[in-house]
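Accompanying notes for the structure given below.
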Amino acid sequence: GAGVSQSPSNKVTEKGKDVELRCDPISGHTALYWYRQSLGQGLEFLIYFQGNSAPDKSGLPSDRFSAERTGGSVSTLTIQRTQQEDSAVYLCASSLGYHQETQYFGPGTRLLVL
Amino acid sequence: DAKTTQPNSMESNEEEPVHLPCNHSTISGTDYIHWYRQLPSQGPEYVIHGLTSNVNNRMASLAIAEDRKSSTLILHRATLRDAAVYYCILTGGGSNYKLTFGKGTLLTVNP
């Protein structure tokens with residue numbers, strides 16, 4: 384069946400521009416997670432959605448980062464006024480429920496801020 | 372937080388079995404043991420998970436020690452496509468949905 388998909392796969396932008404990253408979770412998965420991974424680094428948790436609500440936004444690095452989820456499905460991560468330190472791979476994962484549930488990852492969006 | 376310890380790297384030959392160890396001596400009773408792997412330039416891929424009993428799926432087997440303080444991921448016949456970084460993590464209640472990958476084990480498979 385279809386896995387988690389993300390778009391775009393690659394994004395190059397100029398410092399100061401806004402970007403939107405999209406995630407389509409596995410159908411029926413109620414929980415959705417955003418992470419980012421810098422080159423050679425581990426996973427950094429950003430935000431978690433249960434349905435359309437985000438009970439945990441604790442990982443968002445600054446108020447330039449925001450995310451929403453609509454219809455309990457698609458999620459968009461928006462980065463405003465991008466900075467060079469925002470360059471990373473942004474990964475989305477979904478799970479059937481939450482807590483112990485296995486998370487399935489998308490291929491990621493590679494963001495490069497020049 | 373319960374932590375895991377894995378060797379930095381391991382090497383195997385194609386078509387041979389691979390046993391990837393993981394120590395998690397501070398595991399709690401509600402923690403699941405999850406294994407993910409990450410191929411170069413790809414997102415993490417779920418491999419297998421278990422709680423107390425050994426588990427088998429189409430990708431691998433997971434052997435869990437009786438005291439649950441260690442586990443071993445078994446790839447029965449390594450292929451070149453299995454070359455990846457393998458992560459052993461503990462998941463459970465509270466905020467353990469925030470997956471945190473350590474350095475993992477870099478598996479090299481020789482043809």
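Keeping their order, the protein sequence lines are chains L and F.
Using the numbering used here, the letters of the first sequence correspond one by one to residues 384 to 497.
Using the numbering used here, the letters of the second sequence correspond one by one to residues 372 to 482.
C-beta atoms are modelled at their ideal positions from N, C-alpha and C, and glycine is treated no differently.
Of all alpha-carbon atoms in Asn394/F, Tyr417/F and Ala455/F, the one lying nearest the alpha-carbon of Ala436/F is that of Asn394/F.
Remark: C-beta atoms of Ala431/F and Leu422/F do not approach each other more closely than 8 Å. Counting the other CB atoms within 10 Å of its CB gives Leu391/F a total of 16 or more, which places it among the buried residues. In the three-state reduction of the DSSP assignment, Asp401/L falls in the coil class, being assigned neither a helical nor a strand state.
With fewer than 16 other Cβ atoms from the protein chains shown falling within 10 Å of its own Cβ, Pro444/L counts as exposed. Gln424/L sits away from Gly491/L, with the two beta carbons spaced by 8 Å or more. Taking 8 Å as the upper bound on Cβ-Cβ separation, chain F lies near residues Tyr418, Gly425, Leu426, Phe428, Tyr431, Asp439 and Gly442 of the region 418-449 of chain L. Listed in chain order, the non-local C-beta contacts of Arg448/F below 6 Å within the same chain comprise Glu386, local neighbours out to five positions each way being set aside. The beta carbon of Lys374/F sits no closer than 8 Å to any beta carbon of chain L. The C-beta of Pro378/F comes no closer than 8 Å to any C-beta of chain L.
With fewer than 16 other CB atoms across the displayed protein chains lying within 10 angstroms of its CB, Thr397/F is exposed. For Asn393/L, DSSP records a beta bridge to Arg493/L.
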